[in-house]
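The block underneath contains the structure these notes are about, expressed in structure tokens.
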Amino acid sequence: MIRFVKQDYERLQAYLENYSLAADLGAKAREDLLKRVHRHSLAALQILAAMQRLAAADALHLSGQHVAANSLCFFRVAECFSDLISAFFASVHGLYKPAHMSLRSAIENIVRGLAGLSSEEAGATTSVYRLFELAALEDSFKGLGSIHFVKLHEQYGELCLFTHSATPAHMVRTFALANFPKHDTHQLRGFVRHFEFVATASLSLLVLENRDLYLQVPPLARELLDEVLPTPVKIRALGGKA
Numbered sequence: 064m065i066r067f068v069k070q071d072y073e074r075l076q077a078y079l080e081n082y083s084l085a086a087d088l089g090a091k092a093r094e095d096l097l098k099r100v101h102r103h104s105l106a107a108l109q110i111l112a113a114m115q116r117l118a119a120a121d122a123l124h125l126s127g128q129h130v131a132a133n134s135l136c137f138f139r140v141a142e143c144f145s146d147l148i149s150a151f152f153a154s155v156h157g158l159y160k161p162a163h164m165s166l167r168s169a170i171e172n173i174v175r176g177l178a179g180l181s182s183e184e185a186g187a188t189t190s191v192y193r194l195f196e197l198a199a200l201e202d203s204f205k206g207l208g209s210i211h212f213v214k215l216h217e218q219y220g221e222l223c224l225f226t227h228s229a230t231p232a233h234m235v236r237t238f239a240l241a242n243f244p245k246h247d248t249h250q251l252r253g254f255v256r257h258f259e260f261v262a263t264a265s266l267s268l269l270v271l272e273n274r275d276l277y278l279q280v281p282p283l284a285r286e287l288l289d290e291v292l293p294t295p296v297k298i299r300a301l302g303g304k305a
């Protein structure tokens, strides 16, 4: 191995061995913001667990259709949750651009997963513009669901600015691993705003599709869902009209 490569790799090993988040997460403002992301992430995992239990019992229905645990629809919807948690993890390390990109992926997965149940084209198209066009025609994204669909569509547009580095404000300009973790409260605050919108809208769409995803969550955890889900969604989940 070339000497300077070997020396740099040794510095990398030392960096990784000493990598720590504790000091960087101590700021009160950042702690409060991360608590908000944590609350929404934990709520999302409750819905995912309920979805997994129903699928394991071969009793999961979305958009009025049976969804098997090994179906592409199930994988896509589940991947939305994976994207949310990945975004959370990236934000903890100050990786705000990847965090925003994971949120963008979460939106595409939830929309494609639900729309693809009834529309083969929605499941297959490589054009996200066309995906949203097709999704707007599906029952999942009409009525009360349309409110959350519109929010996801708006968020997708905003998150694309990070993916495409649209302006200097959407660029990172970090060129060395040693710069991480490097936290910016302003950027974290912007990420949290996006995260809450995406998580709340995604969970709302799923609960509107199958209220068992709300009802089968244990009482203690349901209190958390009550904090995260909009009132009209909770009313609908409880069998009322909203």
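Its first residue numbered 64, the sequence shown is counted upward by one per residue in the numbering used here. Ideal Cβ placement from N, Cα and C applies to all residues, glycine included.
L177 is positioned such that its CB atom lies closer than 8 Å to that of E272. DSSP places H124 in the strand class (E or B) of the three-state scheme. Note on the region 272–302: whole alpha helix (DSSP H) runs with a minimum of 4 residues are 275–278, 282–291, 294–300, in chain order. A contact between stretches requires three or more CB pairs, one per stretch, nearer than 8 Å, and the region 169–185 meets this requirement with the region 197–209. Taking all protein chains shown into account, V213 has fewer than 16 neighbouring C-beta atoms within 10 Å of its C-beta and is therefore exposed. DSSP links H103 through a beta bridge to no other residue. Excluding its 5 nearest sequence neighbours in each direction, H216 has C-beta neighbours in its own chain below 7 Å: F195, listed in chain order. DSSP places H156 outside any alpha helix (DSSP H), giving it a letter other than H or E.
Around A106, the same chain offers L287, L288, V291 as residues with beta carbons nearer than 6 Å, after the five sequence neighbours per side are excluded.
The Cβ-Cβ distance between H233 and F243 does not fall below 8 Å. Non-local beta-carbon contacts of A131 in its own chain, meaning distances under 6 Å to residues more than five positions away in sequence, are absent. The shortest C-alpha to C-alpha distance from L276 to any of A90, I173, L108, L97 is the one to L108. Taking a contact to require three or more Cβ pairs closer than 8 Å, the region 234–241 and the region 182–189 do not qualify as touching. Fewer than three beta-carbon pairs drawn from the region 124–144 and the region 291–303 are found closer than 8 Å, and the two stretches are therefore not classed as touching. F152 is positioned such that its CB atom lies no closer than 8 Å to that of L111.
Excluding residues up to 5 positions away in sequence, nothing lies with its Cβ nearer than 6 Å to the Cβ of V155 in the same chain. Bridge pairing for H129: H124 [DSSP]. Per DSSP, reduced to three states, the secondary structure at D146 is helical. Here S104 has L147, I148, F151 as same chain residues with Cβ atoms under 7 Å from its own Cβ, once five neighbours each way along the sequence are excluded.
For T226, the enclosing alpha helix (DSSP H) starts and ends at 207–226. If you look at K69, you'll find it in the alpha helix (DSSP H) that goes 66–80. DSSP places V191 inside the alpha helix (DSSP H), whose first and last residues are 191–198.
The alpha-carbon separation between H124 and R139 amounts to approximately 15 Å. Just measuring C-alpha positions, the residue of G253, G206, L278, I210 sitting nearest E221 is G253.
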